[in-house]
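S.K.: The structure that follows is given in the form of structure tokens.
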Amino acid sequence: MQNVLVVNSLIEQLEADAKRIYRIVWIDEGNIVAYLMDMSKDNNGFPELKRINDLKWDIYMEKSKLMSTDPYIKVLDDDEISSDAKKRRDKNYEIIANLVKSIPDIFDRNKRGKLVKEAAVIHGTSINTINSLLRRYWRRGQNIDAVAPDYDARGGKNKPKSSGTKKRGRPSILNSGINVDDVVENQFRIVYKKYFLEGYSLTATYGMLLRDFYSKDVRYDEKGKHWVILDDIGNCPTRAQFVWWRKKNQDYELEIRKRKGNKAYETKYRPLLGSSTVGSDGPGSRFQIDATVGDVYLISKFNRNWIIGRPVIYIVIDVFSRMIVGYYVGLEGPSWLGAIMALVNVSESKAKYCEAYSEYSSRLKISEDDWPCHYLPSKLVSDRGEIAGKMIQPYLEKMEIKNEIAAPYRPDWKGIVENHFNLLNQKIKPIVPGTFDRNLLDSRIGPEYRLDAKLTIDEFRAIVLLCILHHNNRRIDAYPLDEEMVSDNVQPIPVDLWRWGMKNRGGSLKSYPQDIVKLTLLPKDTANITNKGIIFKNIRYTCDRAIKENWYAKPAATKKAQKIKICYDPRNLNYIYIPREDYRGFDVCRQIEHQSQYKDKSIEDLIYWQEQQRLNKAQGARKQFQETIDLHTGINQIVDQALKVSVSPNEASKAERLRNIRINRKAEKEIIRHEEAFNLSGDKIIAPELNNVMTYGDEDEDHDQIEFFARKQKELKDARR
65 MQNVLVVNSL IEQLEADAKR IYRIVWIDEG NIVAYLMDMS KDNNGFPELK RINDLKWDIY
125 MEKSKLMSTD PYIKVLDDDE ISSDAKKRRD KNYEIIANLV KSIPDIFDRN KRGKLVKEAA
185 VIHGTSINTI NSLLRRYWRR GQNIDAVAPD YDARGGKNKP KSSGTKKRGR PSILNSGINV
245 DDVVENQFRI VYKKYFLEGY SLTATYGMLL RDFYSKDVRY DEKGKHWVIL DDIGNCPTRA
305 QFVWWRKKNQ DYELEIRKRK GNKAYETKYR PLLGSSTVGS DGPGSRFQID ATVGDVYLIS
365 KFNRNWIIGR PVIYIVIDVF SRMIVGYYVG LEGPSWLGAI MALVNVSESK AKYCEAYSEY
425 SSRLKISEDD WPCHYLPSKL VSDRGEIAGK MIQPYLEKME IKNEIAAPYR PDWKGIVENH
485 FNLLNQKIKP IVPGTFDRNL LDSRIGPEYR LDAKLTIDEF RAIVLLCILH HNNRRIDAYP
545 LDEEMVSDNV QPIPVDLWRW GMKNRGGSLK SYPQDIVKLT LLPKDTANIT NKGIIFKNIR
605 YTCDRAIKEN WYAKPAATKK AQKIKICYDP RNLNYIYIPR EDYRGFDVCR QIEHQSQYKD
665 KSIEDLIYWQ EQQRLNKAQG ARKQFQETID LHTGINQIVD QALKVSVSPN EASKAERLRN
725 IRINRKAEKE IIRHEEAFNL SGDKIIAPEL NNVMTYGDED EDHDQIEFFA RKQKELKDAR
785 R
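Going by this note's numbering, 253 is the number at position 189 of the sequence shown; the sequence numbering is gapless.
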């Protein structure tokens, strides 16, 4: 599906004398003409009418090309922008909301003027303001955030500000302080390196700054301590200015190495590193989404003995072509999160997605043309459940997707997608282990189907993918082919209907960069930056930006974690994503290599595994506690028995007991050697006489001791016989 033209596509002219970029802002239902908006800032015009065939011819002749990236779209996080910015954005969009929906009249020069004048009167604003908002809306992706104020580009963030004669910043109580220009910053830099990095405190370093650059005299008191007499108390930087400069330029690693040494840094502070055809004029006019709980039990990827229950299956179908354009299988829900993951799958490359599951079946190694969909629709039809909830509505609005709620007790409004669940069960049940018959759920007899579970969630996802590919290439005899389709000899096969619709009626689809879709739709959470990496759900991650900007040095030095906003894909936790400050992309964080137990695991796998680990730990702690008690009991038994048979203090004096330690040790050693000696020959070994062992010491003092050990030796010999 090369060079497919859809709404929001960017076309770049390649001719040397006309290098401009245009955005497709509207395509007619017949896919004959389109309106294009010039993206140049110096252009104050409005969308121009072009023929689709002319655009395709220019691309074919390489006079222009479709851009693969979109640097103009911006999708904001409502939790991150200020209330004032949000208010300004909503007000701007309110002014042009009815205008941008008046398609195609708003593109007609003769009709646009009247529409704009009426809006100016209604909203009490000028015609120029409305025209400016319209241009911004069309250039920036045609969503509500396109008309948000660019507060993030104001103020020259992280850029030095030129100083004048007037003192900047908060007024000082003493009217002291000066502007910190290049000269003062250089002074700060000198004393920072000369004193602070050598161990001086901030206060002492500030004192050295005043002494070296702003004093007229230095005097010493009787104790030898110096104090500074300033030239002008109001003509020097304040301590707060120096502290602010140090904080802005702080290098945590350098400070620790210089102040505490390389060894201290290396040992304590270094970083440790988811008919209905009526009203659908073409692909994307309407997608239907629904969810169901599968009639199969699954097992865990971590331990195939763990039964984890039944999966929730989300299916998204294009009403026009009946092609399945997205899906999701998880353990959450049915919920808004699962619906979000299904929409993410709608917008991503299917060939790349299926490649991740090709290890289970070679039939999943497909090309882009085998499953040609990575676009978002104009309308999404859903029930009154998770899609109608408040959680998902903001996501749909960001992508300018209109949500149509099916009326209660009218399943026929979503009959296409609901019918597919029945077909899916018919394909899976006879083959997949762990399935069951809903009619037998209340029966007390019959096999325990849960024990038949043999598939992990990834293996089940691969099976569902095979079923989807089969459906997309299956003939639908009941499909209502119109006259034009019959004339073009179109077969009622979903993928063929999609291709024909893209060629002839593709004006309802919307194209957004995958980064923007993920940034908008993926669930958001908070991670912690620590000296061991970026921690999320107890998994450690890192990224090139974090290493380059040395994010881990501060937590290593302060022993305090820093929080950061992230997005994540619940289907696979190999990566998490940090949105960039300009809301036009994100940095990818990868798992640290040695955490192989978390590789290719979903959020459901992780939660189940961590819960099992907690249970195992609690059970192990109880067992270990009992074993410790048993250990102490055994030791006490031995000690009590030894105390009963110990030598009474009346049998020998303290001096005698201490004096004979050397002799006792030598004799005991000889007896132990004889008892523990290896005898592989079978011959009887005669132990040496103790009299021959005692060859040193005072004979009178050793005589009684020798007799005692001789008697013990004889008792051992008799016992062996």
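All residues carry an ideal CB built from backbone N, CA and C; glycine is no exception. Predicted model, so just to flag it, every value in this text is computed and none were measured.
(1) Roughly how many whole angstroms lie between the Cα atoms of VAL360 and PHE366?
(2) In chain order, what residues of the same chain have a beta carbon less than 7 Å from the beta carbon of TYR270, not counting five sequence neighbours either side?
(3) Residues bridged to PHE366 by DSSP?
(4) Please identify the residue among PRO347, ILE611, GLY373, TYR333 whose C-alpha is closest to the C-alpha of ASP516.
(5) For ARG635, which three-state DSSP category applies?
(6) From which residue to which residue does the alpha helix (DSSP H) around CYS418 run?
(7) Is there contact between the stretch 593–604 and the stretch 455–468, where contact requires at least three CB pairs shorter than 8 Å?
(8) Express the C-alpha separation of LYS414 and TRP615 in angstroms, rounding to a whole number.
(9) Name, in chain order, the residues that DSSP records as bridge partners for THR606.
(10) Mind checking SER426: buried by the 16 CB within 10 Å criterion, or exposed?
(11) Going along the chain, which unbroken runs of the beta strand (DSSP E) with 3 or more residues stay wholly within the stretch 300–336?
(12) For GLU79, count neighbouring C-beta atoms within 10 Å of its own C-beta (all shown protein chains included) and say buried if the count is 16 or more, exposed if not.
(13) If you compare alpha carbons, which of ARG115, ASP154, GLY109, GLU126 is closest to ARG176?
(14) Smallest Cα separation from TYR672: which of ARG152, SER128, GLY394?
(15) Check whether the Cβ atoms of SER73 and ILE88 lie closer than 8 Å to each other.
(16) To the nearest angstrom, how far is the alpha carbon of LYS165 from that of LEU529?
(17) When the distance is taken between beta carbons, is THR590 closer than 8 Å to LYS627?
(18) Around the Cβ of ASP546, are there at least 16 other Cβ atoms within 10 angstroms (buried) or fewer (exposed)?
(19) Can you tell me which of the three DSSP states GLN206 falls into?
(20) State whether the stretch 175–194 contacts the stretch 145–154, with contact taken as three or more CB pairs (one from each stretch) at a distance under 8 Å.
(21) Under three-state DSSP, which class holds SER411?
(22) Between GLU319 and TRP309, what straight-line distance do the alpha-carbon atoms span, to the nearest angstrom?
(23) Starting from ALA98, follow its DSSP beta bridges and name the residues at the other end.
(24) Here's the rule: buried if 16 or more other CB atoms are within 10 angstroms of the residue's CB, otherwise exposed. What is GLU76?
(25) Would DSSP call VAL380 helix, strand or coil?
(26) Put TYR259 into one of helix, strand or coil per three-state DSSP.
(27) Only counting the same chain, and skipping five residues up and downstream in sequence, which positions put a Cβ closer than 6 Å to that of ALA842?
(28) Spatial neighbours of TYR605 within its chain, please: C-beta separation below 7 Å, excluding the five flanking residues on both sides.
(29) Could you work out which residue in ILE593, LYS129, PRO168, LYS574 is closest to LEU113 when comparing CA atoms only?
(30) Using 8 Å as the threshold, is the C-beta distance between VAL559 and MET405 below it?
(31) Might you give, ordered along the chain, the residues of its own chain that have their beta carbon closer than 8 Å to the beta carbon of ILE521, omitting 5 neighbours on each side?
(32) Check the C-beta distance from ILE381 over to VAL389 and give it rounded, since I have them as a contact under 8 Å.
(33) Should LEU583 and VAL71 be called a contact, given that it needs their Cβ atoms to be closer than 8 Å?
(34) Compare the beta carbon distance of LYS574 and TYR439 with 8 Å and say whether it is the shorter of the two.
(35) Here's the rule I'm using: 16 or more other beta-carbon atoms within 10 Å means buried, otherwise exposed. How should PHE689 be labelled?
(36) Sorted by chain position, which residues of the same chain lie with C-beta nearer than 7 Å to LEU197's C-beta, five sequence neighbours on each side aside?
M.R.: Put simply:
(1) 19 Å
(2) ARG303, PHE306
(3) According to DSSP, PHE366 bridges with nothing at all.
(4) GLY373
(5) coil
(6) 414–419
(7) no
(8) 35 Å
(9) ARG654
(10) exposed
(11) none
(12) exposed
(13) GLY109
(14) GLY394
(15) yes
(16) 37 Å
(17) yes
(18) exposed
(19) coil
(20) no
(21) helix
(22) 15 Å
(23) ILE91, LYS114
(24) exposed
(25) strand
(26) coil
(27) No statement about residue 842 is possible, as the shown extent of the chain runs from 65 to 785 and does not include it.
(28) GLY597, ILE598, ILE640, CYS653, ARG654, GLN655, ILE656
(29) PRO168
(30) no
(31) LEU362, LYS365, ILE372, PRO375, VAL393, GLY394, LEU395, SER666, GLU668, ASP669
(32) 7 Å
(33) no
(34) yes
(35) exposed
(36) ASN156, ILE159, ILE160, VAL211
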